[in-house]
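Working notes for the structure below.
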Amino acid sequence: MSEQPRVEIYTKEDCPYCEKAKDLFDAKGIEYETYNVTGDDELFEEMVERANGRKTAPEVFIDDELIGGWDDTSALDETGELDEKLGIEREGEDGEVLEHRKLIIAGTGIAGLTAAIYAGRGDNEPLVIEGDEPGGQLTLTTDVANYPGFPEGIGGPELVNNMKEQARQFGAELKNGIIETVEASSRPFRVEMTNGDVYTADAVIAASGASARTLGIPGEDELMGYGLSTCATCDGAFFRGEDMLVVGGGDAAMEEATFLTKFADTVYIAHRREEFRAEQYWVNRVHEKVEEGEIEIMKNTEVTELHGSQEEGVDYVTLVENDKGHPTDRLDDPETNEFEFDVGAVFFAIGHTPNTEYLEGTGVEMDDEGYLRTQGGDGGGQTETDVPGIFGAGDVVDYHYQQAVTAAGMGSKAALDADEYLEDLERTESTSDGEVVAADD
Ligand SMILES: Cc1cc2nc3c(=O)[nH]c(=O)nc-3n(C[C@H](O)[C@H](O)[C@H](O)COP(=O)(O)OP(=O)(O)OC[C@H]3O[C@@H](n4cnc5c(N)ncnc54)[C@H](O)[C@@H]3O)c2cc1C
1 MSEQPRVEIY
11 TKEDCPYCEK
21 AKDLFDAKGI
31 EYETYNVTGD
41 DELFEEMVER
51 ANGRKTAPEV
61 FIDDELIGGW
71 DDTSALDETG
81 ELDEKLGIER
91 EGEDGEVLEH
101 RKLIIAGTGI
111 AGLTAAIYAG
121 RGDNEPLVIE
131 GDEPGGQLTL
141 TTDVANYPGF
151 PEGIGGPELV
161 NNMKEQARQF
171 GAELKNGIIE
181 TVEASSRPFR
191 VEMTNGDVYT
201 ADAVIAASGA
211 SARTLGIPGE
221 DELMGYGLST
231 CATCDGAFFR
241 GEDMLVVGGG
251 DAAMEEATFL
261 TKFADTVYIA
271 HRREEFRAEQ
281 YWVNRVHEKV
291 EEGEIEIMKN
301 TEVTELHGSQ
311 EEGVDYVTLV
321 ENDKGHPTDR
331 LDDPETNEFE
341 FDVGAVFFAI
351 GHTPNTEYLE
361 GTGVEMDDEG
371 YLRTQGGDGG
381 GQTETDVPGI
391 FGAGDVVDYH
401 YQQAVTAAGM
411 GSKAALDADE
421 YLEDLERTES
431 TSDGEVVAAD
441 D
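In UniProt numbering, the protein residues as written are 1 to 441.
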């Protein structure tokens, strides 16, 4: 590698994406300087100026060039351009197979890491691909209170890092990168990464989770990262003292709204229906905050436009309201009210889309939203898809429970199912090689 360019990262406290950016450079063996802007107004202003007005950390610079936040940095990593900027040479030519593995696991969320622990212990030496959200969704939460074994609760990033360490101890190899395609028309599977690297594998566990949804409304692209966010725990503290709007009616929306009361003047929740989808526990927590005057709920209300600028952030939003619910479906109804509403920050908490594009064309069955269909039911093989050798685990399969502990449970099942599949494969191969195989019983 040629001489390393200067890498600078502006960070803040309690910032999962700052940790992801640091982990990415650590994994590449690249040294960097960090500047923590928390509580340092001068440094914060410096960051905002150098980042062309963006008020979100991390902000990454390579040799004084603005790379941007975590999304921009990981997007560059996806195409291999980040390595070029860092002077890191890629192994192998495009299309050439770098390595064959028994098992590749897509994702380092709770499902992928649990699968990696089990597969490592099963001597399947898994290669675990981090994807564009290393550590998965749980790295976005500061407090996990319902994961068994931690009576005082545990931070999401800490839990994930412990699991990564545990997986490595058992021989799992974790690698940065994103799987672009899995080719299943012949065996072994051909697994191609977005940066051009290619691996082959006898089995694949899809534990690629689900990504935060956006609304696709005017102002969204321009203001994402400038007052609009999909992660309250990441960005809430930047808008201290402002009125904040949370969009959504499920657990994530309730949790984010409750969290934001720490910083906001008032938190508003806009939900398109009358009833919340969230667990009763979270609805009760929100109602306590409503009684304390910290949260206000706007039911049957949707956002149709975000207004503001990258220099000044979010200024106000356009809302529509209709007592019958789903007001954007009733824009022609005379009872639909449209009004402007001043807020300093907006947080989308409107669900997730499963990350399954890389499995298209494999023959793996998915539902209308793209969630993987697995065997389910009783007995072994519950995580099998309808393509032998491809297994599914965690939120990418389970649109219903979507919990860390259920993802972990499915991760362990997928590794055990994959182990059985790999053993059968080995047995079949050695039989067809003419070896005498002892019977199981
Ligand atoms: C803010 C927040 C708070 C939460 N709090 C709790 C809580 O307190 N308790 C609880 O039980 N649950 C909580 N959850 C839910 C919990 O985080 C999820 O249920 C859990 O993380 C699902 O794990 P997973 O491994 O299936 O998927 P994810 O965590 O989504 O991980 C998916 C992984 O796949 C990778 N990936 C995606 N596409 C590709 C690709 N093409 N190639 C390679 N890799 C890919 C991603 O980079 C990521 O590493 C919370 C979720 C959020 C967002």
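Yeah, the Cβ is synthetic: ideal placement off N, Cα and C, and Gly gets one too.
Legend entry - Beta-carbon proximity check, N195 vs G80, cutoff 9 Å: In the sequence shown, the residue the question calls residue 195 occupies position 195. In the sequence shown, the residue the question calls residue 80 occupies position 80. Closer than 9 Å, so yes.
Legend entry - One or two residues paired with G313 in a DSSP bridge: In the sequence shown, the residue the question calls residue 313 occupies position 313. In the DSSP output, where bridge partners are listed per residue, G313 has S309.
Inset, instruction - Determine the extent of the alpha helix (DSSP H) in which D26 is found, giving its start and end residues. - result: The residue labelled residue 26 in the question sits at position 26 within the sequence shown. Run containing D26: 16-27, per the alpha helix (DSSP H) assignment.
Legend entry - Bounding residues of the beta strand (DSSP E) (the contiguous stretch that carries G392): For the purposes of this step, residue 392 is taken as the residue at position 392 of the sequence shown. Start and end: 390-392.
Legend entry - Start-end ranges of the beta strand (DSSP E) lying completely within the stretch 219-259, minimum 3 residues: Runs of the beta strand (DSSP E) inside the stretch 219-259: 244-247.
Legend entry - Straight-line gap, G381 to K175 (C-alpha atoms, nearest Å): Position 381 of the sequence shown holds residue 381. Position 175 of the sequence shown holds residue 175. Between G381 and K175, the alpha-carbon positions lie close to 27 Å from each other.
Inset, instruction - Provide the residue span of the beta strand (DSSP E) that contains S211, from first to last. - result: Here residue 211 refers to the residue found at position 211 of the sequence shown. In the DSSP annotation of this structure, the continuous segment of the beta strand (DSSP E) that includes S211 starts and ends at 210-212.
Legend entry - Bridge-paired residues (DSSP) for M298: Numbered from 1 along the sequence shown, position 298 holds the residue referred to as residue 298. A270, per the DSSP bridge assignment.
Legend entry - For F170, three-class secondary structure by DSSP: Taking the first residue of the sequence shown as position 1, residue 170 is located at position 170. Residue state for F170 is assigned as coil, using DSSP reduced to three classes.
Inset, instruction - Excluding the 5 residues preceding and the 5 following R190 in the sequence, name in chain order all residues of the same chain whose CB lies nearer than 7 Å to its CB. - result: On the sequence shown, position 190 is the one that residue 190 refers to. Contacts found: E183, V198, T200.
Inset, instruction - Under 8 Å Cβ to Cβ from residue 443, same chain only, skipping five residues before and after it: list those, please. - result: Residue 443 falls outside the range modelled here, since the chain spans only 1 to 441, and no answer is possible.
Inset, instruction - Classify F339 as buried or exposed, calling it buried when 16 or more other Cβ atoms lie within 10 Å of its own Cβ. - result: Here residue 339 refers to the residue found at position 339 when the sequence shown is read from its first residue. F339 comes out exposed.
Inset, instruction - Let me know if residue 447 comes out buried or exposed under the rule of 16 or more other beta-carbons within 10 Å of its beta-carbon. - result: Examination of residue 447 is not possible in this model, given that the chain is present from 1 through 441 alone.
Inset, instruction - Output the distance between the C-alpha atoms of V128 and T114, rounded to the nearest integer angstrom. - result: The residue labelled residue 128 in the question sits at position 128 within the sequence shown. The residue labelled residue 114 in the question sits at position 114 within the sequence shown. Rounded to whole angstroms, V128 to T114 spans 11 Å at the Cα level.
Inset, instruction - Could you tell me if V286 is buried or exposed, where buried requires 16 or more neighbouring beta carbons within 10 angstroms of its beta carbon? - result: Locating residue 286 in the sequence shown gives position 286, where the first residue counts as 1. Counting every other CB atom within 10 Å of its CB across the protein chains shown gives V286 a total of 16 or more, marking it as buried.
Inset, instruction - Just mark P334 as buried or exposed, buried being the case when its beta carbon has 16 or more other beta carbons within 10 Å. - result: Reading the sequence shown from its first residue, position 334 is the one you call residue 334. P334 comes out exposed.
Inset, instruction - Taking A414 as the reference, give the member of P388, G177, E291, P5 with the closest Cα. - result: If you number the sequence shown from 1, residue 414 lands on position 414. Out of P388, G177, E291, P5, P388 has the C-alpha closest to the C-alpha of A414.
Legend entry - Selection from I178, Y118, G248 that minimises the alpha carbon distance to V283: Here residue 283 corresponds to residue number 283 of the sequence shown, with the count starting at 1. For V283, the nearest C-alpha among the options comes from G248.
Inset, instruction - Look at the Cβ atom of E242, then the Cβ atom of G308, and state whether they are nearer than 9 Å. - result: As a first step, residue 242 is located in the sequence shown; it is residue number 242 there, counting from the start. As a first step, residue 308 is located in the sequence shown; it is residue number 308 there, counting from the start. Cβ atoms of E242 and G308: not closer than 9 Å.
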